[in-house]
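As structure tokens, the structure follows; a few thoughts come after it.
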Amino acid sequence: MNYRDFGRTGIKLSALGFGAMRLPMTEKDGVKIVDYELAVPLMQRAFEIGVNYIDTAPYYCDSDSEVAVGKALKGWRDKVYLSTKYPTENASPDDMKMWLEKSLKRMDTDYIDFYHMWGIGLEMFKKISGKGNVIDAALKLKEEGIIKHLSFSFHDKAENVIPIIDSGVFESVLCQYNLLDRSVEKGIEHAKKKGLGTVVMGPVGGGRLGAPSDVIKGLIGRQIKSTAEMAMRFVMANPNVDVALSGMQNLMQLEENALVAQIEGGLTENEIEQINAMMAENKKLSDLYCTGCNYCLPCPQKINIPHVFALMNYHKVYELTEYSKAEYQNLYMPMEKRKASWEIGWGTDAGQCVECGSCEEKCPQKLKIIEQLRETHGVLG
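In the working numbering, the protein residues as written are 1110 to 1490.
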């Protein structure tokens, strides 16, 4: 296992981190919970092979992830760095302390190594900053040793990460970065220059790059076993990335990722140049289909046209067909049965199109959206 200096914290973290967001689940008395008999040994096996960073959050795995992580940390607490998060939607110092106390109790620990302001963007950062506010309260808890390091997980426009980094408040950043989404690449480089530790979530694109694709596997000349391996190698080869956080669900995924994390350097400069050139060419191809500008929205039939076309791009350009079809099935879920805001954001399937033409009137590229929706539904539906 390779270990990397984590910003200016003085800590060395494993190149592979365990993301406890997709632990194996079971059902008990009609309620979904983590399958502890599978999940706990899986996490402890990760610790045995050298993974020393685990990331969880209050809502993960139907709000049971923190409990499972706490069980896994028995006998390992002084060897593994623990990360969890504060949900900022009702941000206040008292609310933050309430959530922190819940996390401490669930995981049966008296301190958190890396406490993240969860999913913040620039506006939320401004809201929770200042004397007597959430960050001020968190820094006082840091002085008391309950929080060892203050961090943030980033969900906003890529350029908005820079002022948050420059505030000097945080010691590490968690953000999405992978072969298909490199928007925050400059932000990661800036964080590294400023002495922050950098953790990447979604190195396999939230499962997108776990699906087989000869296009992705063929980005470099030498033999790569799987699309997921190619994706992990790409992320770990970036010198500005300290930890690639993977939501592993079984031993096979763990062992495959651990093997990649043992490779020094990951990819050569020439291979990275090859990837850059080929991904740029693939981006041009996908832009011919839809650039994702969102001008076509809203659709009267609640079809999220850019999302539908993104799934078609994954199939057409990157050959991620299994993933595209599986994700498209989620669009058949009735709107009233959806719970999370991101589920509602998916919209309905393309088969709901009534060919009203309002999208085509608004499209700056003058795409034949109706025809393409029909084609997408025929291929993925």
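Built from N, CA and C at the ideal position, the CB exists for glycine as well. For clarity, every value in this text was computed on a predicted model and none was experimentally measured.
- Proximity of the segment 1140–1151 to the segment 1165–1185 meets the contact definition, three or more beta-carbon pairs being nearer than 8 Å.
- Just so you know, the alpha carbons of residue 1127 and residue 1152 end up roughly 8 Å apart.
- Per DSSP, the continuous beta strand (DSSP E) segment holding residue 1228 begins and ends at 1221–1229.
- In the displayed model, residue 1353 falls within a strand according to three-state DSSP.
- The same chain holds no residue with a CB closer than 6 Å to that of residue 1454 once the five nearest residues on each side in sequence are set aside.
- Sequence-distant partners of residue 1415 (beyond 5 residues in either direction) whose C-beta falls short of 8 Å from its own C-beta, in its chain, are 1399, 1401, 1402, 1403, 1405, 1406.
- Rounded to whole angstroms, the gap between the alpha carbons of residue 1240 and residue 1213 is 25 Å.
- Counting along the chain, the unbroken alpha helix (DSSP H) around residue 1415 starts and ends at 1414–1425.
- Where residue 1143 is concerned, the enclosing beta strand (DSSP E) starts and stops at 1140–1143.
- The C-alpha of residue 1288 is placed about 13 Å away from the C-alpha of residue 1350.
- Beta-bridge annotation (DSSP): residue 1405 is not paired with any residue.
- Within the same chain, no Cβ atom closer than 7 Å to the Cβ of residue 1235 is found once the five residues on either side in sequence are excluded.
- Going by DSSP, residue 1113 is part of the beta strand (DSSP E) stretching over 1112–1114.
- Within the model, the alpha-carbon separation for residue 1260 versus residue 1252 is close to 15 Å.
- Within its own chain, the residues whose Cβ lies closer than 8 Å to the Cβ of residue 1472, once the five positions on either side in sequence are excluded, are 1404, 1405, 1478, listed in chain order.
- For residue 1468, the uninterrupted alpha helix (DSSP H) segment begins and ends at 1467–1471.
- In this structure, residue 1205 sits away from residue 1267, with a CB-CB distance that is not shorter than 8 Å.
- Rounded to the nearest angstrom, the Cβ distance from residue 1194 to residue 1150 is 25 Å, too far for a contact under 8 Å.
- With a threshold of 16 other beta carbon atoms within 10 Å, residue 1465 falls short and is exposed.
- Nearest C-alpha to residue 1185 among 1173, 1172, 1155: 1155.
- In the DSSP assignment, the residues bridged to residue 1164 are 1128, 1192.
- For residue 1442, no alpha helix (DSSP H) run applies, since DSSP gives it neither H nor E.
- In the DSSP assignment, residue 1479 falls within the unbroken alpha helix (DSSP H) covering 1478–1489.
- With a threshold of 16 other beta carbon atoms within 10 Å, residue 1282 meets it and is buried.
- Taking all protein chains shown into account, residue 1135 has fewer than 16 neighbouring C-beta atoms within 10 Å of its C-beta and is therefore exposed.
- Around residue 1170, the same chain offers 1132, 1143 as residues with beta carbons nearer than 6 Å, after the five sequence neighbours per side are excluded.
- The shortest C-alpha to C-alpha distance from residue 1489 to any of 1476, 1422, 1470 is the one to 1422.
- Residue nearest to residue 1301 within the set 1203, 1279, 1311 is 1279 (criterion: CA-CA distance).
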